[in-house]
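Numbering (the numbering used here), first residue to last: 10 to 313. Cβ coordinates follow ideal geometry from the N, Cα and C atoms, glycine included.
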């Protein structure tokens, strides 16, 4: 007698479609070298990969700008912006220089040196302004603007002459200021020395304790006259004479030191200003030379 089998009934696989087999590799596999960029994995066969729809050429935008004139318009506006900034800087520099020099004090060497120092410190503004004004690209310049450029091109020459003339002015004013400082210091030295000599004379003529006490109060700048015993008069006179002699030497040493420091400071400032003004003058001359095209173009337009 046949017993029923407990095994599950196997499904019938005769109606299933046959799975396609992977074709064998009939070409050698390529080995990528170190540092070589790997191909992008797109999930598609390399032979069936399609280019991206939005992958436009890198120069497509530039080609469109050249075709429509948009790039030329941008360049024209950029040069116009640079030119306007140059005119603005030049105008601001002229206003600043005017307020620096007005009101003039031509007989004050200290004011003149200070004014030259300010002009040297602010020279970058007209230099940069003129550079931006005459920095031009290819393009048409209007008739009115070329006439203005013809006049503006002479401003660098004016600046060059002014800055070059500041060199002898700086040297002369430095010498005058040094002489004034030395005269003032020597005058103070003479006054202080005379005061000390007068105290020495008064002290030498003092015989009583009261007279010596007056000199002690003057030397030490005491509010009152100190009380001195009679036996202390001669030792105190000798001590005061030594103290006054030391003060005289100290005053002379301090005066000479101050004069030397002032001369060194003036010399350093004068050398810096002379070199700076010379360099600024040469730069303005170079700008005037290189802007000759504006004067020639202006003459051509004026003669037409």
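Cβ-Cβ separation between residue 176 and residue 288: approximately 11 Å, too far for a contact (criterion under 8 Å). Per DSSP, residue 238 is not a residue of any alpha helix (DSSP H), being assigned neither H nor E. Between residue 307 and residue 188, the C-beta gap is not smaller than 8 Å, which leaves the two residues out of contact. When 228, 311, 297 and 312 are compared, the shortest CA-CA separation from residue 169 is found for 297. Scanning its chain for C-beta atoms nearer than 8 Å, with the 5 sequence neighbours on each side dropped, one finds around residue 276 the residues 183, in chain order. At the C-beta level, residue 249 and residue 228 come within 8 Å of one another. Rounded to whole angstroms, the gap between the alpha carbons of residue 300 and residue 194 is 51 Å. The alpha-carbon of residue 305 is positioned some 8 Å away from that of residue 159. The segment 191-208 and the segment 258-271 touch, with three or more beta-carbon pairs separated by less than 8 Å. Boundaries for residue 217: no alpha helix (DSSP H) harbours it, and the DSSP string shows neither H nor E there.
Shown here, residue 164 sits in a helix according to DSSP, grouped into three states.
The beta carbon of residue 125 is closer than 6 Å to those of 175, 179 and 282 in its chain, skipping five residues each way along the sequence.
In the three-state scheme derived from DSSP, where H, G and I count as helix and E and B as strand, residue 300 is classed as coil.
Annotated as distal: residue 99 and residue 167, with beta-carbon spacing of 8 Å or more. Under the three-state reduction of DSSP, residue 156 is assigned to helix. Pairwise C-beta distances place the segment 252-264 out of contact with the segment 94-114, as fewer than three of them are shorter than 8 Å. By the neighbour-count criterion, in which 16 or more other beta carbons inside 10 Å mark a residue as buried, residue 151 falls on the exposed side. If you draw a 10 Å sphere on the C-beta of residue 279, you find 16 or more other C-beta atoms in it, and that means buried. Residue environment for residue 111: exposed (fewer than 16 other C-beta atoms within 10 angstroms of its C-beta). Contact between the segment 113-129 and the segment 79-95 is absent: fewer than 3 CB-CB pairs across the two stretches fall below 8 Å. By the neighbour-count criterion, in which 16 or more other beta carbons inside 10 Å mark a residue as buried, residue 309 falls on the exposed side. Excluding the 5 residues flanking it on each side, residue 97 has same chain C-beta neighbours closer than 8 Å at 138, in chain order.
Taking C-beta atoms as the reference points, residue 218 and residue 199 fail to come closer than 8 Å. Residue 292 is positioned such that its CB atom lies no closer than 8 Å to that of residue 115.
Boundaries cannot be given for residue 313, as no alpha helix (DSSP H) includes it and DSSP labels it neither H nor E. For residue 146, the three-state secondary structure derived from DSSP is coil.
The shortest C-alpha to C-alpha distance from residue 94 to any of 140, 209, 118 and 214 is the one to 140.
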